[in-house]
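There are 2 protein chains.
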Amino acid sequence: MKIVLIGAGNVATHLGRKLVEVGHEVGQIFSRDLQKAKLLGELLAAAQVTSDLDEITNQADLYIIAVHDDAIGEVAGHLAKIGLDGKLIVHTSGATPMQVFAEAAPGLNHVGVFYPLQTFSKIRQPNFQQIPICVDAQMPEDLMLLQHLGNQLSDQVYHINDEQRATLHLAAVFVNNFTNHLFAIGENILKEGNLSFQLLLPLIRETVGKLEDGSPAAMQTGPAIRYDVETIRRHLLQLEGQPGLQEIYQLLTKSIQQTQ
Amino acid sequence: MKIVLIGAGNVATHLGRKLVEVGHEVGQIFSRDLQKAKLLGELLAAAQVTSDLDEITNQADLYIIAVHDDAIGEVAGHLAKIGLDGKLIVHTSGATPMQVFAEAAPGLNHVGVFYPLQTFSKIRQPNFQQIPICVDAQMPEDLMLLQHLGNQLSDQVYHINDEQRATLHLAAVFVNNFTNHLFAIGENILKEGNLSFQLLLPLIRETVGKLEDGSPAAMQTGPAIRYDVETIRRHLLQLEGQPGLQEIYQLLTKSIQQTQ
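Top line first, the protein sequences correspond to chains A and C. Okay, so the first sequence: first residue is 1 according to my numbering, each after it adds one. Okay, so the second sequence: first residue is 261 according to my numbering, each after it adds one.
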């Protein structure tokens with residue numbers, strides 16, 4: 001397929017790279033930042049790059065919108081204007097309903113979602129084969145096409161509707177964004193004691209490794225679940241002067257105890 | 261060395277197994293639960309097992325107390341009574357200061373700590389070589405002995421004093437216990453949407469994988485750090501009827517935003 005990539009961030013980069021790898025052609029790349037578009041264009045051997053939405057070609061088969069959530073509607077509105085009858089347009093956002101197209105660009109019928117459930121970063125090369133790809137589309141034939149495309153990239157392709165994707169995205173915030181913040185808090189606590197965060201890495205890896213064996217709820221350990229009042233008291237004392245951390249400690253401790 | 265293991269839980273089991281593997285002899289195992297002592301005794305080919313503290317032999321070189329934190333003092337008091345002059349006694353707790361010995365058993369001089377910084381579970385075989393072992397001792401010669409012993413089990417042995425160990429343990433609660441609870445929350449959110457927790461595993465693995473590349477604080481992503489008010493509002497709406505989760509969501513979002 002001939003693909004237009006709208007966006008040149010981490011999702012566009014890694015998704016584009018994988019699409020080219022399996023034999024698709026990225027014909028054009030749009031980014032507001034022309035320099036970013038050029039860089040990604042070189043990487044993906046794209047014929048054209050542009051920073052002007054009006055210059056987006058109508059000669060491709062698939063348009064992938066991989067921009068910030070709050071810009072998806074605006075981009076879709078632009079695409080509706082350039083005459084893309086019969087062309088398939090998808091966004092890659094976990095947080096944005098497919099409904100965004102009906103609202104921002106009611107003229108577009110062939111719309112869908114192609115959401116890789118993963119966190120992408122500049123320097124890490126993801127193993128796409130293991131990334132769940134959540135697809136949805138307005139039209140059944142487009143859904144089939146996206147499922148087929150997904151299967152070229154990954155072993156895990158799921159038809160996930162707006163409500164399910166919203167649920168997934170909410171859960172992802174807890175297990176990815178919030179978890180990473182707990183890691184940052186741990187790092188900070190160690191820094192104040194002149195200790196290296198490296199000391200905690202084996203523990204963190206094992207915390208995740210254990211998930212292979214069963215439900216996290218069933219494997220909860222620590223002072224909260226043991227109602228070890230003395231240790232909890234001492235920890236809160238150690239966090240004196242850091243009311244924000246004390247509050248997080250107390251709230252998560254209470255939540256663990258109420259989860260049983 | 262001839263070792264007495266006091267406790268037959270996960271720490272005693274995995275530590276005991278590794279000690280035997282590198283050539284030490286576990287001469288006796290104590291557990292309040294005789295059945296557990298027997299089971300571990302068979303696994304480690306221990307000569308004796310007992311559920312009576314008074315039956316603990318005074319013929320060993322090293323006594324490892326791997327019982328619940330709040331029982332360490334009591335066990336130490338007992339050991340002081342059976343005449344262990346010159347024998348080394350350590351506990352394996354991250355949450356308990358070495359000071360516990362001076363308080364509960366002032367007669368014991370050869371005391372220390374041998375704390376493997378890891379979460380142990382019944383069914384998973386830990387890779388001991390990569391577990392940081394935090395040692396401390398009252399006497400310099402005992403510290404050397406514990407460092408030597410640690411090096412037989414792991415590539416990472418550190419002299420960590422009471423204050424540092426308390427800091428490590430507090431940070432471990434955030435990155436292990438609290439993180440696992442966030443996983444449990446994520447699982448619960450998916451369950452209510454009839455979605456499998458398996459969908460989140462690649463994301464969770466990558467969240468941890470990224471730690472190899474840099475500080476978690478520098479790699480924070482998600483709606484909180486982007487001040488994506490619209491997504492945050494929608495997530496809180498999705499959590500309606502779950503005030504506990506709304507509170508956690510808001511508190512961690514605020515904490516992420518204040519961390520910059």
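All C-beta atoms, glycine included, are put in the ideal place defined by N, C-alpha and C.
Own chain residues within Cβ distance below 7 Å of residue i, not counting five before or after
{"i": "I516(C)", "result": "Q480, A484, I485"}
{"i": "E466(C)", "result": "none"}
{"i": "L145(A)", "result": "L88"}
{"i": "F120(A)", "result": "N10, V11, H14, P126"}
{"i": "Q118(A)", "result": "P126, I131"}
Exposure of residue i, with buried meaning 16 or more beta-carbon neighbours within 10 Å
{"i": "A166(A)", "result": "buried"}
{"i": "G474(C)", "result": "exposed"}
{"i": "P503(C)", "result": "exposed"}
{"i": "Y487(C)", "result": "exposed"}
{"i": "Q258(A)", "result": "exposed"}
{"i": "H441(C)", "result": "buried"}
{"i": "N318(C)", "result": "exposed"}
{"i": "N572(C)", "result": "Coverage of chain C is limited to positions 261 through 520, which leaves residue 572(C) absent and any answer about it impossible."}
{"i": "I123(A)", "result": "exposed"}
{"i": "P140(A)", "result": "exposed"}
{"i": "M489(C)", "result": "According to the sequence as given, residue 489(C) is Val; it is not Met. It is exposed - the Cβ of V489(C) has fewer than 16 other Cβ atoms within 10 Å."}
{"i": "D345(C)", "result": "exposed"}
{"i": "V468(C)", "result": "buried"}
{"i": "V395(C)", "result": "buried"}
N- and C-terminal bounds of the alpha helix (DSSP H) containing residue i
{"i": "E163(A)", "result": "162-172"}
{"i": "I449(C)", "result": "439-452"}
{"i": "I508(C)", "result": "503-519"}
{"i": "K298(C)", "result": "294-304"}
{"i": "F361(C)", "result": "359-364"}
{"i": "Q238(A)", "result": "229-238"}
{"i": "H419(C)", "result": "Run containing H419(C): none in the alpha helix (DSSP H); it sits in the beta strand (DSSP E), 417-419."}
Same chain only: Cβ atoms within 6 Å of residue i, ignoring 5 sequence neighbours per side
{"i": "G501(C)", "result": "none"}
{"i": "G333(C)", "result": "V360, A364"}
{"i": "L236(A)", "result": "Q246"}
{"i": "G276(C)", "result": "L265, V286, L304"}
{"i": "K210(A)", "result": "M219"}
{"i": "H24(A)", "result": "M1, I3"}
{"i": "A340(C)", "result": "A365, G367, L368"}
{"i": "I204(A)", "result": "none"}
{"i": "K36(A)", "result": "A8"}
Cα-Cα separation, residue i to residue j
{"i": "F388(C)", "j": "S414(C)", "result": "6 Å"}
{"i": "D312(C)", "j": "H338(C)", "result": "11 Å"}
{"i": "D287(A)", "j": "G186(A)", "result": "With chain A running from 1 to 260 in the structure shown, residue 287(A) is simply not present."}
{"i": "P202(A)", "j": "I324(C)", "result": "23 Å"}
{"i": "G150(A)", "j": "G83(A)", "result": "26 Å"}
{"i": "T231(A)", "j": "A355(C)", "result": "7 Å"}
{"i": "D402(C)", "j": "P366(C)", "result": "17 Å"}
{"i": "L251(A)", "j": "V433(C)", "result": "13 Å"}
{"i": "H68(A)", "j": "I56(A)", "result": "18 Å"}
{"i": "G193(A)", "j": "L428(C)", "result": "9 Å"}
{"i": "K18(A)", "j": "V280(C)", "result": "49 Å"}
{"i": "A477(C)", "j": "L430(C)", "result": "18 Å"}
{"i": "A331(C)", "j": "L322(C)", "result": "19 Å"}
{"i": "R494(C)", "j": "I133(A)", "result": "22 Å"}
Enclosing beta strand (DSSP E) for residue i [first to last residue]
{"i": "H328(C)", "result": "Looking at the DSSP string, H328(C) is not in any beta strand (DSSP E), and its letter there is neither H nor E."}
{"i": "L348(C)", "result": "348-351"}
{"i": "P376(C)", "result": "371-376"}
{"i": "K2(A)", "result": "2-6"}
{"i": "A336(C)", "result": "That residue, A336(C), is in no beta strand (DSSP E); its alpha helix (DSSP H) goes 332-341."}
{"i": "T271(A)", "result": "The requested residue 271(A) does not occur in the structure, where chain A is confined to residues 1 to 260."}
{"i": "G150(A)", "result": "Note, G150(A): premise wrong, no beta strand (DSSP E); alpha helix (DSSP H) at 140-153."}
{"i": "G27(A)", "result": "25-30"}
{"i": "T273(C)", "result": "Premise fails: T273(C) lies in the alpha helix (DSSP H), 270-281, not in any beta strand (DSSP E)."}
{"i": "A397(C)", "result": "393-397"}
{"i": "V49(A)", "result": "48-50"}
Supposed close pair residue i, residue j - CB separation, criterion 8 Å
{"i": "H110(A)", "j": "Q138(A)", "result": "7 Å"}
{"i": "F443(C)", "j": "L450(C)", "result": "About 11 Å; that fails the 8 Å criterion."}
{"i": "V90(A)", "j": "V113(A)", "result": "6 Å"}
{"i": "V435(C)", "j": "L108(A)", "result": "With 8 Å as the limit, V435(C) and L108(A) do not qualify as a contact, their Cβ atoms being about 45 Å apart."}
{"i": "D33(A)", "j": "P97(A)", "result": "Wrong, their Cβ atoms sit about 27 Å apart, outside the cutoff."}
{"i": "Q424(C)", "j": "V417(C)", "result": "That belief does not hold up - the Cβ atoms of Q424(C) and V417(C) are roughly 14 Å apart, past 8 Å."}
{"i": "A326(C)", "j": "T352(C)", "result": "5 Å"}
Residues near residue i by beta carbon distance below 8 Å, same chain, minus five either side
{"i": "L240(C)", "result": "There is no way to answer for residue 240(C), as the model of chain C reaches only from 261 to 520."}
{"i": "P499(C)", "result": "Before going on, a small fix: residue 499(C) reads as Leu here, not Pro. Excluding residues within five positions, the ones whose Cβ falls inside 8 Å are L505, Q506, Y509."}
{"i": "T253(A)", "result": "P223, A224, I232"}
{"i": "V282(C)", "result": "Q412, L413"}
Min CB distance residue i to chain E below 7 Å
{"i": "Q152(A)", "result": "In the structure shown, chain E does not exist; the protein chains are A and C."}
Residue i beta carbon near the ligand PLP (any heavy atom closer than 6 Å)
{"i": "I189(A)", "result": "The ligand PLP is not among the ligands present in this structure, which contains no ligands whatsoever."}
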